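Below: the structure, in structure tokens.
Numbering (my numbering), first residue to last: 530 to 881.
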């Protein structure tokens, strides 16, 4: 350690600070401000921030927006702090569509505008343009947030408008939208198909496309973020005797899916993607019927071997899973009454 340059030692220490402490450290001196503003510092700090202790839940209801830590050993939240939106809104009409490395892609429901927002630093960037790019229609559009090989954060926006599909990419680096080609089956453009938000894993964005009735078609659409090519792969071979939902999860850069089937009772299996094929990891223990008024969404899987779900009222509870524990983060865009996401605290900026 004595042979290391002072600059290297300072860099190594500062990349391990919590995100809010990095913000305060920028005011120490001009040299530190310049160092902490470099893309190399932001990238390395971000890679060291994706740990469970930096995980937070953002909850939005009609009156407040709050951020809470998760206490995994008692399945509850820690003390919450109120967040003030740094952008204009009406009655908290903000929906969280996607998240990556501490950035949230959000929609202002009264104007349909898309924004990138870091709730830790409060910085945000409007993505809407005068030529009608960056406007999101719920239940018709799909959003995926990703970072390419050049460390450029981008937003993939899939639009369905009157049977016509448009696909657009926003680049943080050049601050503009552009159209890219995507040819798919015409039926997927129908509102009878539900497109999930994109899940970024291993250089690819994945979307589930599920038909909204029993026995319908279910597929996964894959977007290679560097070649910008699309392809379709099959869904896991789950029973089709009920409604089918696939929740995609990035687990240490390997794609997993919680595939649920059923109506009043749920059967849920965990699958992992190997190549273009799904391998079953486990079947969850029997789940008793859940009242539709308290219907639950999968939020994330945690390191203590428990799987967290959340009720309509925002209450966390767990289902114990008999398997080797692992760690991942999954954003939920709608908590059946609450809007929110699970995210990690970073200093990644929504603009350059």
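Glycine included, every Cβ here is placed at the ideal spot set by N, Cα and C.
If you're wondering where the values come from, they're calculated on a predicted model, not measured in any experiment.
What does a CB cutoff of less than 6 angstroms around residue i pick up in its chain, not counting 5 residues either side in sequence?
i           : result
residue 791 : 771
residue 546 : none
residue 579 : 873
residue 682 : 676, 701
residue 596 : 585, 587, 610, 612
residue 875 : 548, 575, 578, 630, 631
residue 722 : 738, 740
Can you look up residue i in the DSSP assignment and give me helix, strand or coil?
i           : result
residue 682 : strand
residue 715 : helix
residue 548 : helix
residue 540 : helix
residue 555 : coil
residue 583 : helix
residue 873 : strand
residue 570 : helix
residue 701 : coil
residue 564 : helix
residue 741 : coil
residue 576 : helix
residue 607 : coil
residue 476 : Look at the range of the chain in this structure, 530 to 881, and you will see that residue 476 is not part of it.
residue 880 : coil
residue 673 : strand
residue 688 : strand
residue 614 : coil
residue 728 : strand
residue 624 : strand
Return yes when at least one heavy atom of the ligand NAP lies under 8 angstroms from the C-beta of residue i, else no.
i           : result
residue 709 : Ligands in the displayed structure: none, and consequently the ligand NAP is not present.
To which residues of the same chain is residue i closer than 8 angstroms at the C-beta, ignoring the five residues directly before and after it?
i           : result
residue 570 : 540, 543, 544, 564
residue 663 : 642, 643, 655, 656, 657, 686, 699, 706
residue 880 : 645, 652, 654, 701, 704
Between the options, which lies nearest to residue i when the distance is taken from Cα to Cα?
i           : options            : result
residue 641 : 653, 628, 622      : 622
residue 588 : 756, 749, 774, 625 : 625
residue 765 : 730, 781, 812      : 812
residue 782 : 871, 734, 774      : 734
residue 684 : 667, 702, 691, 760 : 702
residue 673 : 538, 655, 554, 750 : 750
residue 713 : 707, 726, 728, 689 : 689
residue 762 : 551, 567, 868, 747 : 747
residue 769 : 752, 797, 760      : 797
residue 659 : 639, 705, 591      : 705
residue 651 : 755, 810, 552, 686 : 552
residue 786 : 695, 618, 728      : 728
residue 745 : 754, 758, 716      : 716
residue 774 : 667, 608, 725      : 725
residue 754 : 776, 566, 680      : 680
Between which residues of its own chain and residue i is the CB-CB distance below 7 angstroms, once the five residues before and five after are set aside?
i           : result
residue 614 : 594, 623
residue 655 : 642, 644
residue 760 : 751
residue 591 : 620, 621
Quick check on residue i - is its C-beta less than 9 angstroms from some C-beta in chain C?
i           : result
residue 719 : Of the protein chains in this structure there is only one, and it is not chain C.
Just list the residues that DSSP pairs residue i with in beta bridges.
i           : result
residue 789 : 774, 797
residue 649 : Looking at the DSSP assignment, residue 649 forms no beta bridge with any residue, so it has no partner.
residue 708 : 697
residue 598 : 585
residue 753 : 733, 758
Our contact map puts residue i next to residue j with C-beta atoms below 8 angstroms; I'd like the distance itself, whole angstroms only.
i           : j           : result
residue 671 : residue 736 : 6 angstroms
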